Amino acid sequence: MTANRIARAVLVLFFIALLATPFVIKRISSGRDVDMSRADAKTALARHGFYLEEVSQAAGITFVHQSPKLDPKLDPIMPEVASMGASVSIVDFDRDGWPDIYVTNSAIGSKNALYRNMHDGTFKDVAGELGIADVNQPGTGVSTGAVWGDYDNDGYEDLFLIKWGRPELFHNDQGHGFTRVTEQAGLPPWINANTAIWIDYDGDGLLDLFVGGYYSEDIDLWHLTTTRIMPESFEYAKNGGRKYLFHNLGNGKFEEVSSKVGINSRRWALAAAAADLRGTGHPDLFVANDYGVSELYFNDGKQFHEVGEQTGVGFAPKSGMNTAFGDILNQGRYSVYVSNISEDGILIQGNNLWVPKENTTGDAVKYQNLARDFGVELGGWSFGAQFGDLNNDGTLDLYLTNGYISLDRNRSYWYDFSKVAGGNSTIIGDAKNWPAFEGRSLSGYQSKRVWLNDGAGKFVDVAQAVGATDTYDGRSVALVDLWNSGVLDVVVANQNGPLLIYKNTVAPGNEWIEFELEGTNSNHGGSNRSAIGAQVTLFWNGQQQVQEVSGGSGFAAENDRRLHFGLGRNPHIEKAVIRWPSGKVQTIDQPAVNQLHKMKEPA
Amino acid sequence: MSEQTSAPGFSPRSPVEPPQAPAQKKTLFSLDNRYIAPAFITCILLASHLSFGILESYQKTLLAIVTSIGLELVLGRIFFHKWVHPASAYITGISVGILVRSPAFWPYALCSAISITSKYVLRVKGRHIWNPSNFGISVMLFLASETVATLSIQWGNYLLPMLVIWALGSVIIWRLRRFHITGIYVASFLAFAFVRSWMTGSPWQSEIAPITGPMYQLFIFFMITDPKTTVRSKRGQCLVVFLVALFEMVLRLYQVVYAPFYALFVVGPTAMLIEIWLESRRANAAIRTVAL
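Going down the list, the protein sequences come from chains A and B. Heads up, the first sequence is in our numbering, so the first residue is 1 and it goes up one at a time. Heads up, the second sequence is in our numbering, so the first residue is 604 and it goes up one at a time.
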C-alpha cells in the first residue's frame, strides 16, 4: 500500500512537472534569442556594434503608401484583399554613383516616387518629371512592385513595373527620362502579380524577365464578374495566377517561354529570387508561394526542372512571402529564407531557413529547415526580409519586417479568418462567404526583427535595442549603402504607411569592402551589363563568403546592385573571386578594404 | 469510436453500455472493435499524407505515438501490474501527431505525455473524466500558445476527401453503435451555425465552414465519441453532446478559436462528474435499502 502511495505521489509530481514544462522552456528561450531592451545609440553601438535611426523626414522623404480600393463586391474584406502593393527597389538610375530609391503606390490615381539621391543626405522625388510617377491610372490597375535591369545593355537600368493590372516596361533614356515600351516589348495586357525578377536564365547576355502571378490574370479586381476569386485552399491552392518567363530577344522584344522551358504553375506566387545554388553557372529559381509549398526550379541553361520535393523545400505548405539568399555560415553556400505566418495559439507556421545539408551538392543538394535552431523562426505575420551584414562583423544578419493589417487595436479578425480558412474549398474560394472585417486588425502593430548573426549558427533579435521600433504593416525591405559610407542602411515600404529610411551607424573598428560590377561582353554572348547573376566570393581570415548580384529578392524588393561585405576587425583579405555570368572568372588579390571596387568584366 | 481511454480492468464496463454486436453481423468488419478506431485513423493519416503530404515531419508524428504508447505501457505496468493494450495510446498519439501543429519537436512529446498521464492522475471513483488528447491539446493551447496551434487547414480543403472520410467514419461509428453521438453533434452544430449567422450577421457559409474542415473530422469521430469519457446512457450521451455544441456556440460568439476543444474540455468532465455523483447516490440508497 505504501509503495502504491509513493508511486501515486511520484506520478502526481511527474504530472505537475509536465504541466510546468512550457513555462520552463519559455523562460529559457526568452532570454536567449532576444534583446528586448530599448537602448540609446551609444549603448546599442557598444552592445551590438550598430544603431539604426529613422531619418525619412530629415532626408526629405514624405511618401505614404495608399492601398487600392477594389470592386465594391469586396468591400467587407477589402483590408485583406487589398493588403499588398507597397514596395521598394534600389537603383542608380542616372549612374551618378549614388543609389536612388523607387517606391510604388497602389491606389487608383496615386503616384509612385523615384527619390534621387542628392548626395547630401537628402532625396528629391523626380518620378513625375521623368515619367514614371503617374502609372496607376484608372483602367490600368495599380503598382505592386518594381525591378530594375538593363535589358538593352545600354548602361542604364530600365524599369519593369509589377502590377495588379497592365504590367509596364520603361526604357531608361540615359538617366534623363523614361519611355514606355510595354507594347513594343510584347508584354501581356494584364497580370495580377506581386513578384518579378530580372534573370539571364540562358546566359546569352540579355536579361530575361520572370513574373509570378498571384490572382488569376483573367480577373480585373476593379470589375469583378464573380466573387469566386479567393484561393481554393489555404495550403494547397493551385488556382492563382500563371507564371511568365519573358525571353529577351535582343531587339526590344520579349517572347513568353514559360511552358516551353518547364515552368507551369498556378500557385499563388508572392516572392521569387534567383541564384546559382549548385555552382553550375546558371541561376536557379526559387518561388515562395502563398497558400502552398515553395517551388525550386533547377536551371540547366535551357530548361527548368521543379525540384521542390526532391530538395526538401517543397514539402510542407505554408504562406510563403519572401525569398532571400544568404551565405549565413561563410561556407560559400547559400541558405534561403522564406517568411510565413506565426500567430500565438492560432497559426504557428514558422518561417523557413533552408540550409543546404552537409555533403549534398550540385543536383543532389538537399535543404533542411533550421529556422528554429538558428533562432529566426518566429516573426509574426512576416513579409519582406533581406540578408546583409548590418554591423560589418563579417557575418550576414537578417532584417525582417512584418504585420498584416493594423486597424482597431482591440478587435481581431483572427477568429473569423481561422474559421473560414479551415473550411471547404467551395466556401473559402468565394469572397462573399467571408465575414466582414469591420475595422478589426489581423496580426497588426507587430514588432520587427533584426536578427544578428553570431556566425556560429545563432541569431539574436536586437530590433528594439538598435532602433528598429516601428510597428507599421511592413511589406518590402531593401538594403543599400545609401550614403556611400560603407554601411548597409535599411529602407522599408509599409502598406498604408510611410516609407522608412533607417540610417545605419556602425561602431568604429569593423571594416568592409564593396563591389560594383558591370558586364561588358554582351554583344558576344557574354554577361549582361547589370551583371545580374555575377558572384563574388571573398576569402579573408580563413573564411569565405559568397554573394550574388540580384535582379530582385525579398518581397517586392530589390537591393542595391553593389555587393557589400563586412569584414570584422583587422581583416586580411586573401582574394576576391568574381565569376561573371558569362563564365569568366576574375581574381583580385588582396583588394583594399574600406573601399568600393568598381569592376568591369574583362574582355 | 474512441480512444478507449482506460486500461482494461481499471474501469469496468457499465451494464448499461450497449452490448456487442451479434457475431454474424461482424462478418463485414471482422476486426476486433478495439482495432477499428486505430485502423481508421491510420487510414486517414496515410490517405491524407499520400494525397496532400500533410505531415511536415514523420518524426514528429512518430514521436507523439512512441511517447504515448511508451508512457502508457510504463504507467500501466506500474499501476495495474500488466501490459496495457496499446490501441488506446496509439490513437492518442496519432491524434496528437495530427492535431498539434508546431515547428518544434518537444510539444508533440509533451502533449502525448500530458494526455496519457492525465488518465492516471485525474480520476474520480476509478474513472478518468477527460478525453486524453482533448485534455492534452487544450492544456498545450493554454500553456504553450506561442509554440503550438492545432490542425486547421490540412488536406486540401477539397470536397472529395472530406466526403470519403465522413462516409467511412459514419459507417464505422455506426458499427460501434455511437453514431447517435456524432449525429446529434453535427445536427446541433449546424443548427447553432445558423443561429450564430442570424445573431452576428456573418454569412452562414462561414459559420458552417469549420465543420467541413479536417480538424472536426477528428473531433467528431474520435474525441466526442470516446466511451470512457462519455456518460453511459444513450439519452445522456445525446444530451451531453448537445450541450457541448451549445457551449461551443457560446464560445464562438466570444470568438474563441478553439471553441470545440474547450467546450468538450469543460462539458465532458462536468457531465462525467454529475453521472458519478448520481451513481454514487443511487448506490448509497441501494445500500441503505438493503440495510433496512
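Ideal Cβ placement from N, Cα and C applies to all residues, glycine included. Quick caveat: nothing in here was measured; it's all calculated off a predicted structure.
Contacting residues, own chain, Cβ-Cβ under 7 Å from residue i (five flanking each side not counted)
i        : result
Asp473/A : Gly403, Tyr404, Ile405, Ser406, Gly444, Asn494, Gln495, Asn496, Gly497
Ala59/A  : Gly121, Thr122, Phe123, Ile501
Phe632/B : At Phe632/B, the pLDDT of 46 sits below 50, so the modelled position is not reliable; the number obtained from the coordinates is stated separately. If we look at Phe632/B and ignore the five residues flanking it on each side, its Cβ neighbours are Ile639, Arg778.
Residues bridged to residue i (per DSSP)
i        : result
Phe254/A : Asn248/A
Gly165/A : Gly141/A, Ile191/A
Lys318/A : Gly292/A
Phe565/A : Ile513/A
Glu306/A : Tyr297/A
Arg267/A : Answer is none; Arg267/A lacks a bridge partner.
Reduced DSSP secondary structure (H/G/I, E/B, other) of residue i
i        : result
Lys503/A : strand
Glu601/A : coil
Ile775/B : helix
Tyr337/A : strand
Leu763/B : helix
Lys831/B : helix
Leu11/A  : helix
Ala369/A : One detail in the question is off: residue 369/A reads as Asn in this sequence, not Ala. DSSP places Asn369/A in strand when its eight states are reduced to three.
Leu876/B : helix
Lys629/B : Since pLDDT at Lys629/B reaches only 45, below the 50 mark, its modelled position is unreliable, and the value read off the structure follows with that caveat. It is helical.
Leu713/B : helix
Ser406/A : coil
Ala624/B : Because Ala624/B sits at a pLDDT of 40, beneath the cut-off of 50, its placement in the model cannot be relied upon, and the following sentence gives the value as read from the coordinates. Coil at Ala624/B, not helix or strand.
Val91/A  : strand
Thr695/B : helix
Asp75/A  : helix
Pro813/B : helix
Val859/B : coil
Leu221/A : coil
Ile16/A  : helix
Tyr156/A : coil
Residues near residue i by beta carbon distance below 8 Å, same chain, minus five either side
i        : result
Ala507/A : Leu45, Ala46, Gly49, Phe50, Asn391
Ser412/A : Arg440, Ser441, Leu442
Asp408/A : Gly439, Arg440, Ser441
Ala624/B : Because Ala624/B sits at a pLDDT of 40, beneath the cut-off of 50, its placement in the model cannot be relied upon, and the following sentence gives the value as read from the coordinates. Taken in chain order, the residues that qualify are Arg778, Arg780.
Per-residue contacts from residue i into chain A (C-beta, under 7 Å)
i        : result
Val699/B : The premise fails here: Val699/B is roughly 13 Å from chain A at the closest Cβ pair, so nothing lies under 7 Å.
Leu653/B : Per Cβ cutoff of 7 Å: no residues; Leu653/B is ~13 Å from chain A at best.
Trp686/B : The premise fails here: Trp686/B is roughly 17 Å from chain A at the closest Cβ pair, so nothing lies under 7 Å.
Ala752/B : Gly345, Ile346, Leu347, Ile348
Proximal residues to residue i (C-beta, below 6 Å), its chain only, five neighbours per side dropped
i        : result
Ser233/A : Ser425
Ala20/A  : none
Gly519/A : Ser527, Asn528, Arg529, Ala531, Glu601
Ser715/B : Ala667, Thr670, Ser671, Gly696, Val699
Thr833/B : Gln840
Phe792/B : Ile814, Ala848
Contact set between residue i and chain B, taken where Cβ atoms lie within less than 7 Å
i        : result
Val460/A : The contacting residues do not exist; Val460/A stays about 17 Å from chain B at best.
Chain A residues whose Cβ lies nearer than 9 Å to that of residue i
i        : result
Leu762/B : Asn424, Ser425, Thr426
Val853/B : Result: empty, since nearest Cβ-Cβ is about 14 Å, beyond 9 Å.
Listed by chain order, chain B residues near residue i by CB distance under 9 Å
i       : result
Ala7/A  : Ile681, Phe682
Leu11/A : Leu678, Ile681, Phe682, Thr720, Tyr723, Val724
Proximal chain A residues relative to residue i, where beta-carbon distance stays under 8 Å
i        : result
Val742/B : Leu19
Leu746/B : Leu19, Pro22, Phe23
Gly816/B : Gly422, Gly423, Asn424
Pro806/B : Lys432, Asn433, Trp434, Pro435
Met765/B : Asn424
Glu550/B : Outside the shown range of chain B, which is 604 to 895, sits residue 550/B, and nothing can be said about it.
Cross-chain neighbours of residue i in chain B, by beta carbon under 8 Å
i        : result
Pro72/A  : Simply none; closest approach about 17 Å.
Phe160/A : None at all; the shortest Cβ gap to chain B is about 34 Å.
Phe14/A  : Thr720
For the segment 414-445 of chain A, list every residue whose C-beta sits within 8 Å of some C-beta in chain B, in sequence order. Residues Trp414, Tyr415, Asp416, Ser418, Lys419, Val420, Ala421, Gly422, Gly423, Asn424, Ser425, Thr426, Ile427, Ile428, Asp430, Lys432, Asn433, Trp434, Pro435, Ala436.
Name, going along the chain, the residues of the segment 637-651 of chain B whose beta-carbon falls closer than 8 Å to a beta-carbon of chain A. Closer than 8 Å at the C-beta level to chain A, one finds no residue of the segment 637-651 of chain B.
Closer than 8 Å, Cβ to Cβ, to anything on chain B: give me those residues from the segment 212-239 of chain A, in chain order. Residues Glu232, Ser233, Phe234, Glu235, Tyr236.
Got a sec: which bits of the segment 330-354 of chain A sit with their beta carbon under 7 Å from any beta carbon on chain B, in order along the chain? Hits within the stretch, in order: Asp344, Gly345, Ile346, Leu347, Ile348, Gly350.
Looking at chain A, which residues of the segment 711-739 of chain B have a Cβ within less than 9 Å of any of its Cβ atoms? Per Cβ criterion, the list reads Leu713, Ala716, Ile717, Thr720, Ser721, Tyr723, Val724, Leu725.
Using a Cβ-Cβ cutoff of 9 Å, what residues of the segment 367-398 of chain A are near chain B? List them in chain order. Those would be Asn369, Ala371, Arg372, Glu377, Leu378, in chain order.
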